[in-house]
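Going left to right, the sequence shown walks through residues -26 to -1, 1 to 513 as mature numbering (1 follows the signal peptide of the UniProt record, and there is no 0) numbers them.
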Amino acid sequence: MKAAFKRRYILLIAAFLIVTTAFVQANDLFFQIKKQMTIFSDAYKEIAIRYVDEVSPETLMKNAVNGMLSELDPYTVFVDEGEQQQLEIISSGSYGGIGIEAGFRGDRIVVIAPMDGYPAQRAGIRPGDVIEEINGVEIRDITPEEVQRLTIGDVGSEIEIVIERSGVDRPISFTLERERIEVKNISYYGFADAENSIGYVQLNRFGNQTGEELREALLDLKNQSELNGLILDLRNNPGGLLNEAVEVVDKFLEPGITVAETRSRFESQNSVYATEEPPLFEDLPLTVLINSGSASASEIVAGALQDLDRAVIFGEKSFGKGLVQTIRPLSYNTSLKITVSKYLIPSGRSIQSIQYQDEDNGIRTFKTRNGRDVRDGNGIEPDVLGQENIPSQLDVALKQDNYYFFYVNKKLRNSGFDSGEAPTSLYREFVQELIEEGFTFYTSADEHIEELERQFRDIVEQEDAEENISELKAMLRDYKIAQIYDSREYIENELQREWISQTMDGEERQHSLLQLDNDVQQSLELILDRGRYESILKP
């Protein structure tokens, strides 16, 4: 009896100490927060009022907050009123606008592509149109993102946009009514190979209803033709909602399979995300395309399917973002996008590759369900590497100054072509124009020649210096022209892609571009080679 009483007494004391300690720790935390906020407030006020030069209170505060956040991970950020609008678009999946994508071409901002079925396209705005004004605001020295914000407004409100078009003498003005623009999670789905019934889905983001949209797309493909394989394209998909990533995996795995776990500061806030519904395609051959632009939720999908040996991952190493953020509203229509947890995929590995703390960050090896080796801390590494897409100096120069875009745009305006089939003379005429205009690009050889010129200037007695340098420059110019001809296959492909982009719309354009996509075509070959496909997943 006494022993039982003694045990009960000890347990009561232990419980009291635990509760008291937790209370003291929490109390101490709140005291520290209050103390540091008071110090910060006093310092902020003194600087704003007494500093020798006038300072903007808004700028001062934003810099102070950003300075504080710079000590944390790179994804915890302060969102001001201007940026808040973009966050709302991401979370809601829609906005009021006219449906254009704008971007730089040279030093001008042009329409990259009007969105199919929306006001800009219906009114006749075309790719390549230079944007001059929006609602009386001259488009000079601003970014494409700022142009995008100018086009956004209340549904039903009017917007006036003035464009300059190649071949037209004077500016063209359009008055358009803003409509509800739906931000698509799936930009395109269809058949990469209709004859063999291999489907293709391009997933741009993981917004609301992504899982349901994928279900509808897959069922539509199945109704058109019994699917024999699927390519899921996650390239350049920056991620989005974690629960939607789980719903995507849900379509290919049996219920009850863990897709991801989140690990938070407090154990009570840890979560496990698992498949719930019967799969649509449990055994369908599946490849997933990724590249360095595939991040966050994209990596959860690719990593889970890889860890569970459900798909062959094809392409490049992914970005490596293994942190989960939530958006916390603040005063005056601002917010804080804050990292609240890390996630692990089924093998137990993390994919976070950007290190922000001084800790042991050694790469570790884990096992997939079938015993294959996979590594953590470095994004998702593909099972099959795609064609290496390291741009040459020639390619960088042609794209940097938008030679493909402007040449095709001019050709279409001047020649009256309107079909998606590029003329056979396109490459020859393009190269001829490059040479006639004196096109060049900078190489390491140019750097060495410049260094030789500097050295020769210091050698007065070197009479043949200028002649020798001129000969070297002529040889280098001939080499560059030869490189243009040696790159014929690549340049023809880029010209054809640009031609299709400017002459076709919607599904026709997307399907035609797939035929020129090397990664898609190699992934297709892999699915059709069932022996090779199985040997990768079951070594």
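Ideal Cβ placement from N, Cα and C applies to all residues, glycine included.
Which residue from the options puts its Cα closest to that of residue i?
{"i": "G294", "options": "L282, E218, I312 and S327", "result": "S327"}
{"i": "G213", "options": "F226, S266 and V246", "result": "S266"}
{"i": "L498", "options": "K9, D16, R82 and V175", "result": "V175"}
{"i": "G130", "options": "A38, I113, I72 and D16", "result": "I72"}
{"i": "E466", "options": "T417, D493, E403 and E481", "result": "E403"}
{"i": "R82", "options": "N376, M89 and L310", "result": "N376"}
{"i": "F430", "options": "H422, E440 and I133", "result": "E440"}
{"i": "S366", "options": "G185, S68, S321 and D460", "result": "D460"}
{"i": "L206", "options": "S199, S268 and A248", "result": "S268"}
{"i": "I409", "options": "T117, A456 and R428", "result": "A456"}
Can you grab the Cα-Cα spacing for the pair residue i / residue j, in whole Å?
{"i": "I458", "j": "V405", "result": "8 Å"}
{"i": "N178", "j": "A371", "result": "28 Å"}
{"i": "A(-5)", "j": "L34", "result": "Confidence is the limiting factor: at A(-5) the pLDDT is only 47, short of 50, which leaves the residue's position unreliable and the question unanswerable from this model."}
{"i": "T398", "j": "G91", "result": "31 Å"}
{"i": "L3", "j": "K291", "result": "41 Å"}
{"i": "S242", "j": "Q470", "result": "55 Å"}
{"i": "L195", "j": "N202", "result": "11 Å"}
{"i": "K19", "j": "R323", "result": "47 Å"}
{"i": "I337", "j": "R451", "result": "46 Å"}
{"i": "residue 519", "j": "G127", "result": "This structure gives no information on residue 519, because the portion of the chain shown stretches from -26 to 513."}
{"i": "E156", "j": "M89", "result": "10 Å"}
{"i": "S245", "j": "P252", "result": "22 Å"}
{"i": "V220", "j": "V382", "result": "42 Å"}
{"i": "R123", "j": "Q95", "result": "18 Å"}
{"i": "A448", "j": "S475", "result": "37 Å"}
{"i": "N307", "j": "I137", "result": "33 Å"}
{"i": "N210", "j": "G277", "result": "16 Å"}
{"i": "K454", "j": "G412", "result": "11 Å"}
{"i": "A419", "j": "E407", "result": "24 Å"}
{"i": "V(-3)", "j": "R302", "result": "Only weak support is given to the placement of V(-3): the predicted model assigns it a pLDDT of 45, under 50, and the question is left unresolved by the model."}
{"i": "V348", "j": "I13", "result": "48 Å"}
{"i": "A(-1)", "j": "L318", "result": "Here the model assigns A(-1) a pLDDT of 48, short of 50, so the residue's position is not dependable and the matter cannot be decided."}
{"i": "V29", "j": "S15", "result": "16 Å"}
{"i": "E190", "j": "F5", "result": "53 Å"}
{"i": "L487", "j": "K158", "result": "19 Å"}
{"i": "I287", "j": "L216", "result": "20 Å"}
{"i": "P229", "j": "G480", "result": "36 Å"}
{"i": "L43", "j": "T236", "result": "22 Å"}
{"i": "I23", "j": "K9", "result": "22 Å"}
{"i": "residue 535", "j": "E421", "result": "No answer is possible for residue 535: the residues shown for the chain start at -26 and end at 513."}
{"i": "residue 514", "j": "D493", "result": "Outside the modelled stretch of the chain, which goes from -26 to 513, sits residue 514, for which no answer is possible."}
{"i": "E468", "j": "Y507", "result": "30 Å"}
{"i": "D54", "j": "I108", "result": "23 Å"}
{"i": "R114", "j": "Q496", "result": "43 Å"}
{"i": "M478", "j": "R139", "result": "19 Å"}
{"i": "G77", "j": "I231", "result": "42 Å"}
In this structure, what does DSSP give as the bridge partners for residue i?
{"i": "K311", "result": "V51 and I301"}
{"i": "S68", "result": "E156"}
{"i": "A248", "result": "T232"}
{"i": "K316", "result": "R237 and L297"}
{"i": "T398", "result": "None; T398 has no bridge partner."}
{"i": "P88", "result": "I74"}
{"i": "F180", "result": "G214"}
{"i": "E132", "result": "E151"}
{"i": "G289", "result": "I264 and L359"}
{"i": "Y163", "result": "V175"}
{"i": "F340", "result": "V348"}
{"i": "I137", "result": "I105 and I146"}
Tell me the residue span of the alpha helix (DSSP H) that contains residue i.
{"i": "F379", "result": "Y377 to S389"}
{"i": "K36", "result": "P31 to L43"}
{"i": "G480", "result": "G480 to L488"}
{"i": "Y507", "result": "R504 to L511"}
{"i": "Y174", "result": "Run containing Y174: none in the alpha helix (DSSP H); it sits in the beta strand (DSSP E), I172 to L177."}
{"i": "R96", "result": "P93 to A97"}
{"i": "Q280", "result": "A271 to D281"}
Between which two residues does the beta strand (DSSP E) carrying residue i extend?
{"i": "S147", "result": "I146 to E151"}
{"i": "I465", "result": "Element bounds for I465: not the beta strand (DSSP E) but the alpha helix (DSSP H), R462 to T477."}
{"i": "V104", "result": "V104 to I108"}
{"i": "G203", "result": "G203 to D207"}
{"i": "V121", "result": "Looking at the DSSP string, V121 is not in any beta strand (DSSP E); the run it does join, the alpha helix (DSSP H), is P118 to T125."}
{"i": "V348", "result": "D347 to R349"}
{"i": "K225", "result": "Looking at the DSSP string, K225 is not in any beta strand (DSSP E), and its letter there is neither H nor E."}
Consider the Cβ of residue i: report whether some Cβ of chain B lies at a distance smaller than 9 Å.
{"i": "S292", "result": "Protein chain content of the structure displayed is limited to a single chain, and chain B is not contained in it."}
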